[in-house]
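Chemist:
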Amino acid sequence: MAEQLKLDNVAVNVVADNTVKPLLSGIDLTLAPGDYVAVLGTNGAGKSTMFNAITGDIEVASGTITLAGHNITHEKPEKRARLIARVFQDPKMGTAPRMSVAENLLLASRRGQRLTLASRGLKAQMAHFEQLAAQTGNGLEKALDRPTESLSGGQRQALSLLMATLKRPELLLLDEHTAALDPKTSASIMSVTDKLVTQEHLTCMMITHHLEDALKYGNRLIVLSQGRIIKDFNAEQKAALTRADLLDYFG
1 MAEQLKLDNV AVNVVADNTV KPLLSGIDLT LAPGDYVAVL GTNGAGKSTM
51 FNAITGDIEV ASGTITLAGH NITHEKPEKR ARLIARVFQD PKMGTAPRMS
101 VAENLLLASR RGQRLTLASR GLKAQMAHFE QLAAQTGNGL EKALDRPTES
151 LSGGQRQALS LLMATLKRPE LLLLDEHTAA LDPKTSASIM SVTDKLVTQE
201 HLTCMMITHH LEDALKYGNR LIVLSQGRII KDFNAEQKAA LTRADLLDYF
251 G
């Protein structure tokens, strides 16, 4: 199997009161290109810690992390950001509030490039940005000239998704990205998410507490508990799961 992401025996520790406490213990995980993985677990199970280890926001105590053939275990978060895109729970994160929607998209289109004093070229991109924004189905294409801080939570999260996927990342991390939204908006954002991930064949990991979304979306499902992956369901196994099956892991 081709490997897009590989975590090999990854461990993360924290020191509290002169005692070493493991947050992740021996995480082994391999994703093939295009894998779309739902990530479940109770609070404190290690889900966000695993994401932070992948992005470099937390240092691993042991093990290796390989992405698209590159060992990124000890790379700085800024360097990894050229390969990894992440959408957070808070719609306010990941966008520049006082910049317009179009300006945010322009920034995202230049991720990983050296910034220069050259003309922004915003006008030349407007038609393309309008087409992109129209995919969200929430009127974002009509708000390209508006400051991002004036958008609704759903529009802002849709913008975050567009920005994260505009320059195809090697890995897309969705960190409970619908948790702060009402049910109707959450369903809309999940529809946009599924469209972007599947059409672009992106490799994606999605933390969620919505069991229905975990069952409906993606081709794999993993469950974390106490810093370990305790279940890894493939597409066939996942299709046979029910909500009641998943509730057993939250007892």
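1 is the number of the first residue of the sequence shown in UniProt numbering; add one for each residue after it. All C-beta atoms in this analysis are idealised placements derived from N, C-alpha and C, irrespective of residue type, glycine included. Bear in mind the structure is a predicted one, so any value in this text is a computation, not a measurement.
(1) Taking just the CA atoms, how far does asparagine 138 sit from methionine 50?
(2) Could you name each continuous beta strand (DSSP E) segment of 3 residues or more that falls completely within the segment 156 to 243, going from the start of the chain to the end?
(3) Look at the alpha carbon of lysine 142 and the alpha carbon of glutamate 130, and state the distance between them as a whole number of angstroms.
(4) Nearest to tyrosine 249 by alpha carbon, out of Leu166, Pro33, Thr42, Thr148?
(5) Grab the span of the alpha helix (DSSP H) containing alanine 53 for me, first residue to last.
(6) Mapping the DSSP letters down to three states, classify leucine 151 as helix, strand or coil.
(7) Which word fits histidine 177, buried or exposed, when buried means at least 16 other C-beta atoms lie within 10 angstroms of its C-beta?
(8) Determine the direct distance from the alpha carbon of valine 39 to that of threonine 208, and round the result to whole angstroms.
(9) Leucine 224 to glycine 44, Cα distance in whole Å?
(10) When you compare the CB positions of phenylalanine 88 and aspartate 28, do they come within less than 9 Å of one another, or not?
(11) Does the distance from the C-beta atom of serine 62 to that of alanine 11 stay below 9 Å?
(12) Nearest by alpha-carbon distance to aspartate 90: which of Ser186, Thr73, Ala239, Thr165 is it?
(13) Closer than 8 Å to a non-hydrogen atom of the ligand SAM - does that hold for the CB of alanine 102?
(14) Whole angstroms are fine: how far does the CA of glycine 218 sit from the CA of alanine 68?
(15) Suppose you measure from the CA of leucine 24 to the CA of isoleucine 58; what does that come to, to the nearest Å?
(16) Using the three-state DSSP reduction, which class does alanine 61 fall into: helix, strand or coil?
(17) Would you decide whether alanine 32 is buried or exposed? Buried here means 16 or more other CB atoms lie within 10 Å of its CB.
(18) From the DSSP output, in three-state form, read off asparagine 43 for me.
Modeler: Reading from the atomic positions:
(1) 32 Å
(2) 171 to 175, 204 to 207, 220 to 225, 228 to 233
(3) 8 Å
(4) Thr42
(5) 47 to 55
(6) coil
(7) buried
(8) 6 Å
(9) 9 Å
(10) no
(11) yes
(12) Ser186
(13) The ligand SAM is not among the ligands present in this structure, which contains no ligands whatsoever.
(14) 20 Å
(15) 11 Å
(16) coil
(17) exposed
(18) coil
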